[in-house]
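Protein chains in written order, with our numbering: chain A, 1 to 221; chain B, 1 to 221.
Note that the Cβ used here is the ideal one computed from N, Cα and C, for glycine as well.
The structure displayed is predicted, hence computed values, not measured ones.
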Ligand SMILES: Nc1ncnc2c1ncn2[C@@H]1O[C@H](COP(=O)(O)OP(=O)(O)OP(=O)(O)O)[C@@H](O)[C@H]1O
Ligand SMILES: Nc1ncnc2c1ncn2[C@@H]1O[C@H](COP(=O)(O)OP(=O)(O)OP(=O)(O)O)[C@@H](O)[C@H]1O
Ligand SMILES: [Mg+2]
Ligand SMILES: [Mg+2]
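Encoded structure:
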């Protein structure tokens with residue numbers, strides 16, 4: 001469902017550019033559950049952001065669902081992401097002025113879902129995350145792990161084809177993290193959702209059908 | 001070095017207050033290395049913020065180095081923290097407009113350390129964290145785990161008596177996380193620094209001389 005060809009991303013900063021991703025080619029089959037591992041700074045978030053059409057490569061291609069992403073305008077990519085991709089950011093990026101439940105309904109509102117339907121779905125997702133009682137808290141009234149779970153719920157809101165999650169259990173104790181791993185495995189198995197998780201959580205990685213790892217921007221053999 | 005007596009913290013939000021910490025008494029000996037564990041939302045960050053004199057309790061006392069913290073003004077607490085406590089926040093709170101090296105020199109500047117001495121110390125800390133090459137990156141030009149390591153370096157800048165670290169390896173792969181655990185254990189053993197870590201990382205927790213855990217704001221027996 002997502003392919004890359006000779007993908008590269010270089011950041012120009014000061015005298016020495018940072019080659020965050022170098023000449024990376026991969027092909028993620030529909031319905032797969034992949035874990036991406038690698039040291040801090042090895043390029044995992046940079047890769048995931050390009051797979052999720054959030055960042056554009058410096059060179060090479062990303063092909064999403066058979067279409068070359070570089071041919072699309074920014075507004076087309078925004079639409080593609082809204083309807084197809086559920087992204088969990090490493091730093092959550094919840095909207096501080098919105099309550100937890102509103103952070104979750106926002107993408108549904110943008111997708112044209114009606115008010116009462118999106119409220120029901122948001123409450124159902126909060127319940128799934130064990131956060132029903134925190135629906136009206138703002139992000140700064142939530143613990144780190146609660147914010148992370150709201151970010152996960154938001155990613156699931158529009159029933160995406162693909163979930164791309166960047167360290168989704170980084171702030172969670174093993175019990176809560178285990179439940180998230182179980183949930184993603186269930187969505188993958190029962191709904192055929194393609195899941196790609198950047199993780200250093202062994203319980204999560206062990207759920208994957210394939211584990212790949214990065215070293216200095218390259219895919220390990 | 002830090003004691004609490006019947007410590008409680010309640011957040012008033014909506015109709016039902018959140019009793020984040022309830023009637024908690026503990027006594028952390030000088031030179032200890034404690035790990036605080038517990039489920040997401042159990043009160044760990046709330047507790048650590050009160051131990052670090054960042055938040056004031058709703059009731060009960062915090063006694064830091066023999067002194068009742070409630071008797072101190074906000075500016076006295078700011079000074080106490082600057083000179084005695086190295087705090088690693090769960091969400092880092094790096095200053096986005098400052099480069100990595102400047103984030104680390106800032107607390108030294110506030111403590112009156114001279115320019116060349118604090119630059120040397122910051123470079124030494126960056127080297128310790130494997131981030132020498134990232135000295136001039138701003139936080140948004142760093143990976144999640146690199147930001148976390150800059151936050152750790154900043155906490156160590158003024159050679160604190162006490163290090164309070166909230167999930168310091170949450171964003172780190174096990175290799176890098178292991179090095180941080182090793183570093184904290186070394187500072188504890190060789191320099192007698194008291195270390196209290198909120199963590200769900202087993203490698204880190206196993207370094208502790210004592211492991212305590214929270215459930216719903218209370219200390220487990
Ligand atoms: N400002 C606030 N207003 C209302 N409730 C709050 C506020 N801050 C935290 N809480 C609630 O207090 C409880 C404890 O929060 P705390 O951040 O201490 O948890 P934690 O153990 O650190 O969790 P995590 O492991 O997820 O970081 C949580 O259930 C949270 O929703
Ligand atoms: N905007 C930027 N400008 C310059 N360098 C950057 C920028 N963003 C990231 N980098 C660098 O690119 C490298 C890869 O970053 P990336 O965020 O992909 O790593 P990562 O594998 O996700 O790491 P972590 O496990 O710590 O989250 C890092 O060394 C980082 O310093
Ligand atoms: Mg990352
Ligand atoms: Mg916390």
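Return the chain-ordered ranges of every beta strand (DSSP E) run that is complete within the stretch 77 to 139 of chain B and spans a minimum of 3 residues. Runs of the beta strand (DSSP E) spanning 3 or more residues and lying entirely within the stretch 77 to 139 of chain B occur at 85 to 88, in chain order.
Which bits of chain A does residue 172(B) rub up against, with CB to CB less than 8 Å? When 8 Å is used as the limit between beta carbons, residue 172(B) is near these residues of chain A: 40, 200, in chain order.
What does DSSP give as the partner residues of residue 10(A) in its beta bridges? According to DSSP, residue 10(A) bridges with 19(A).
On the DSSP letters alone, give me the boundaries of the beta strand (DSSP E) that residue 175(A) sits inside. Residue 175(A) -> not in any beta strand (DSSP E); alpha helix (DSSP H) instead, spanning 174 to 191.
Quick one: is residue 114(B) buried, meaning 16 or more other Cβ sit within 10 Å of its Cβ, or exposed? Looking at its Cβ environment, which holds fewer than 16 other Cβ atoms inside 10 Å, residue 114(B) is exposed.
In this structure, does DSSP put residue 259(A) in helix, strand or coil? No answer is possible for residue 259(A): the residues shown for chain A start at 1 and end at 221.
Out of curiosity, what's the CA-to-CA distance linking residue 79(A) and residue 196(A)? Cα atoms of residue 79(A) and residue 196(A): separation of roughly 20 Å, rounded to the nearest angstrom.
May I ask whether a heavy atom of ligand 1 can be found less than 7 Å away from the beta carbon of residue 144(A)? A distance criterion of 7 Å places the beta-carbon of residue 144(A) in contact range of ligand 1, judged by its closest non-hydrogen atom.
Just how far apart, CA to CA, sit residue 118(B) and residue 218(B)? Their Cα atoms are separated by approximately 41 Å.
Pairwise C-alpha distance: residue 104(B) and residue 150(B): Computed Cα separation, rounded: 7 Å.
By DSSP, does residue 70(A) sit in helix, in strand, or in coil? The three-state reading of DSSP puts residue 70(A) in helix, counting H, G and I together.
Within its chain, find whatever has a CB closer than 8 Å to the CB of residue 209(A); leave out the 5 residues flanking it on each side and keep chain order. Result list for residue 209(A): 32, 33, 34, in chain order.
In this structure, does DSSP put residue 61(B) in helix, strand or coil? In the structure shown, residue 61(B) sits in a strand (DSSP, three-state: E or B).
Quick one: which chain C residues come within Cβ less than 8 Å of residue 136(A)? Absent here is chain C; the protein component of the structure consists of chains A and B.
Counting only Cβ pairs nearer than 9 Å, list the residues of chain B close to residue 3(A). By Cβ distance, chain B contributes nothing, its closest Cβ being about 24 Å from residue 3(A), past 9 Å.
Kindly list, in the order they appear in chain A, the residues whose Cβ is closer than 7 Å to that of residue 176(B). Going along chain A in sequence order, the residues near residue 176(B) (Cβ under 7 Å) are 39, 40.
Considering only DSSP beta bridges, list what residue 195(B) is partnered with. Looking at the DSSP assignment, residue 195(B) forms a beta bridge with 33(B), 163(B).
Under 9 Å from the C-beta of residue 182(A): neighbouring residues of chain B: The contacting residues do not exist; residue 182(A) stays about 15 Å from chain B at best.
Any chance the CB of residue 13(A) is under 7 Å from a heavy atom of ligand 5? In terms of ligand content, the structure shown lacks ligand 5 and carries ligand 1, ligand 2, ligand 3 and ligand 4 instead.
What residues in the stretch 139 to 151 of chain A bring their beta carbon closer than 9 Å to a beta carbon of chain B? Answer set for the stretch 139 to 151 of chain A: 141, 142, 143, 144, 145, 146, 147, 148, 149.
Between 5(A), 2(A), 74(A), 162(A), which has its C-alpha nearest residue 88(A)'s C-alpha? Measuring from the Cα of residue 88(A), the nearest candidate turns out to be 162(A).
Those residues which DSSP pairs with residue 3(B) across a bridge: Bridge partners of residue 3(B): 27(B), 63(B).
Measuring CB atoms only, is the stretch 159 to 176 of chain B touching the stretch 169 to 181 of chain A, in the sense that at least three cross pairs come out at less than 8 Å? The answer is yes - the stretch 169 to 181 of chain A touches the stretch 159 to 176 of chain B, with three or more Cβ pairs under 8 Å.
According to DSSP, is residue 213(A) part of a helix, a strand, or is it coil? Reduced to three states, the DSSP call for residue 213(A) is strand.
I'd like to know if residue 167(B) contacts chain A, where contact means its C-beta is closer than 8 Å to some C-beta of that chain. It does: the Cβ of residue 167(B) has a partner Cβ on chain A nearer than 8 Å.
Among 36(A), 30(A), 84(A), 29(A), nearest to residue 54(A) - alpha-carbon criterion: Of the candidates 36(A), 30(A), 84(A), 29(A), the one whose C-alpha sits nearest the C-alpha of residue 54(A) is 84(A).
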